[in-house]
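Here the structure is laid out as structure tokens; the discussion comes afterwards.
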Amino acid sequence: MAVSDAAAAAPRRLERLQPRDAEGLCALSIEAGWNQVAADWRLMLDLGWGYGVRGPRGQWIASALALPLGPTISWISMVLVTQPARGHGLGTHLLTRCIAEVEASGAAAGLDATELGRPIYQPLGFRDVYPLSRWHAQQGLRHAVAPPGGIVVRAATPDDLQRICAYDRSRSGFARSPIVTHLLTRAPALARIAERADGTLAGYALGRDGYRALHVGPVVAEDQATGLALLSSAFAGADRPLIVDVPDRHGEIRRWLEQQGASAPRGYMRMLRGGSTRIDDGAHIFAIAGPELA
Ligand SMILES: CC(C)(COP(=O)(O)OP(=O)(O)OC[C@H]1O[C@@H](n2cnc3c(N)ncnc32)[C@H](O)[C@@H]1OP(=O)(O)O)[C@@H](O)C(=O)NCCC(=O)NCCS
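Heads up: the sequence shown is residues 0 to 293, going by numbering that gives the first Met the number 0.
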């Protein structure tokens with residue numbers, strides 16, 4: 000079924016979500032066992048938009064969000080339906096509404112699909128970009144790997160923000176400076192940069208707190224060795240269990256995570272709908288910001 004047909008087929012009382020809805024919406028992600036906190040919902044609704052459906056007591060029972068990452072791409076996420084309301088078309092309706100609205104704006108829709116979600120997205124016209132694994136690590140991962148010669152990894156400070164934003168744009172292809180700014184302010188203890196002797200950036204790492212674990216990402220760098228030094232340094236500063244979403248192509252990072260006793264019980268597929276749009280192939284992305292932040 001075409002996206003526009005599916006969206007038209009199930010008229011519902013959809014409400015445009017507001018940043019003030021963040022606390023209430025958080026119950027949906029917690030019920031699903033996800034890691035987002037209200038600050039994540041607020042960020043996504045400050046920078047993006049979405050639709051929700053309320054139950055009889057006014058509580059949110061379903062949601063879907065879209066986060067613009069520049070004029071050519073928006074990220075779809077937080078497609079959630081509370082258990083008792085599942086199986087009645089709400090999830091499909093919200094998802095297709097967001098896709099249709101993204102595409103009406105002239106942008107392509109991207110998302111990170113779970114293994115269960117991928118068979119749903121393929122017939123809707125989404126194509127695979129690259130596979131990722133979600134790694135879980137216990138706290139106590141203390142061993143930071145040294146960066147390649149000539150590069151220093153250190154804590155990032157607010158003075159580094161402009162350079163990090165410019166670097167991120169050039170390597171990830173996403174226009175997401177407000178997200179980078181938010182993460183640096185929100186979790187400075189996880190923020191790192193990799194710097195050469197001449198002061199140019201060779202990479203950065205950011206992260207955030209979460210409901211179940213600290214989330215490390217994005218980690219963007221020139222090469223895998225620098226990415227691993229940044230990731231391991233962020234891990235070494237953490238005092239709680241951690242999660243990180245790593246593109247599968249980065250075998251050195253996967254091996255290091257396995258050596259640390261981390262496990263990857265589930266994977267995602269980065270997917271994109273829209274013929275002409277291209278996104279980065281993950282060569283410089285050693286951890287994504289998260290399936291909800293791209
Ligand atoms: C996935 C989910 C949103 C579907 O909501 P729903 O209202 O029950 O979905 P619908 O009634 O419209 O769709 C029916 C079918 O499509 C699937 N579906 C719809 N949207 C989906 C989505 N975004 N991802 C995965 N599966 C989806 C349903 O699992 C169901 O499959 P089935 O026919 O084989 O049983 C809901 O089960 C949920 O919140 N799950 C936990 C969170 C999650 O996995 N979200 C998707 C990843 S972003």
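The C-beta atom is built at its ideal place from N, Cα and C for all residues, glycine as well.
Problem - Where the beta strand (DSSP E) through Ile242 begins and ends - result: 241-246
Exercise for the section: Using only the heavy atoms of ligand 1, determine whether one of them is closer than 7 Å to the beta carbon of Arg298. Expected result: Any property of residue 298 remains undetermined from this structure, which presents the chain solely from 0 to 293.
Handout entry: Opening and closing residue of the alpha helix (DSSP H) in which Leu46 lies
Key = DSSP places Leu46 in the uninterrupted alpha helix (DSSP H) bounded by 37-46.
Problem - Three-state class that DSSP yields for Arg81 in the structure shown - result: It should be noted that the sequence gives Thr, not Arg, for residue 81. When secondary structure is reduced to three states using DSSP, Thr81 falls in the coil class, being assigned neither helix nor strand.
Practice task
Report the rounded CA-to-CA distance for Trp74 versus Arg211, giving the unit in angstroms.
Solution key: In a straight line, the C-alpha of Trp74 is about 23 Å away from that of Arg211.
Exercise for the section: Answer yes or no: the CB of Ser76 versus the heavy atoms of ligand 1, is any distance below 7 Å? Expected result: yes
Problem - Among Met77, Val218, Pro55, nearest to Gly309 - alpha-carbon criterion - result: Here the chain has residues from 0 to 293 only, and residue 309 is not among them.
Practice task
Taking the CB atoms as reference points, tell me whether Arg307 and Ala38 lie closer together than 8 Å.
Solution key: Residue 307 lies beyond the range of the chain shown here (0 to 293); nothing can be said about it.
Exercise for the section: Please confirm whether Gly51 and Glu14 have their CB atoms less than 8 Å apart. Expected result: With contacts defined as CB atoms closer than 8 Å, Gly51 and Glu14 qualify as a contacting pair.
Practice task
Measure the alpha-carbon distance for Val101 versus Gly149 and round it to whole angstroms.
Solution key: Rounded to the nearest whole angstrom, the CA to CA distance from Val101 to Gly149 is 43 Å.
Practice task
State the start and end residues of the unbroken alpha helix (DSSP H) segment that holds Pro187.
Solution key: Segment: none, Pro187 is in no alpha helix (DSSP H) and carries neither H nor E.
Practice task
Using a threshold of 8 Å, state whether the C-beta atoms of Leu79 and Ala31 are closer than that.
Solution key: yes
Handout entry: Status (buried if at least 16 other CB within 10 Å, exposed otherwise) for Pro122
Key = exposed
Handout entry: Inter-residue spacing [alpha-carbon to alpha-carbon] between Tyr267 and Thr95
Key = Rounded to whole angstroms, Tyr267 to Thr95 spans 20 Å at the Cα level.
Exercise for the section: Compute every distance between the C-beta of Val80 and the non-hydrogen atoms of ligand 1, then say whether any falls below 7 Å. Expected result: yes
Practice task
Check the C-beta distance from Gly281 over to Arg248 and give it rounded, since I have them as a contact under 8 Å.
Solution key: 6 Å
Handout entry: Close Cβ partners of Tyr166 (< 6 Å) along its chain, the five nearest in sequence each way excluded
Key = Leu200
Exercise for the section: State the DSSP-derived secondary structure class of Ser275, mapped to helix, strand or coil. Expected result: coil
Practice task
Within the same chain, show all residues whose beta-carbon is closer than 7 Å to that of Ala174, passing over the 5 residues directly before and after it, in chain order.
Solution key: Leu68, Gly69, Arg168
Exercise for the section: Rank Pro187, Ile60, Ala286, Asp45 by C-alpha distance to the C-alpha of Val219 and give the top, closest one. Expected result: Ala286
Practice task
State the DSSP-derived secondary structure class of Gly90, mapped to helix, strand or coil.
Solution key: helix
Handout entry: Coarse secondary structure for Ile150, derived from DSSP in three states
Key = strand
Handout entry: Member of His181, Asp159, Val144, Thr180 whose CA lies at the smallest distance from the CA of Gln258
Key = Val144
Practice task
My understanding is that Val151 touches Glu114, with C-beta atoms under 8 Å, so please give their C-beta distance in whole angstroms.
Solution key: Not really, about 39 Å apart at Cβ, beyond 8 Å.
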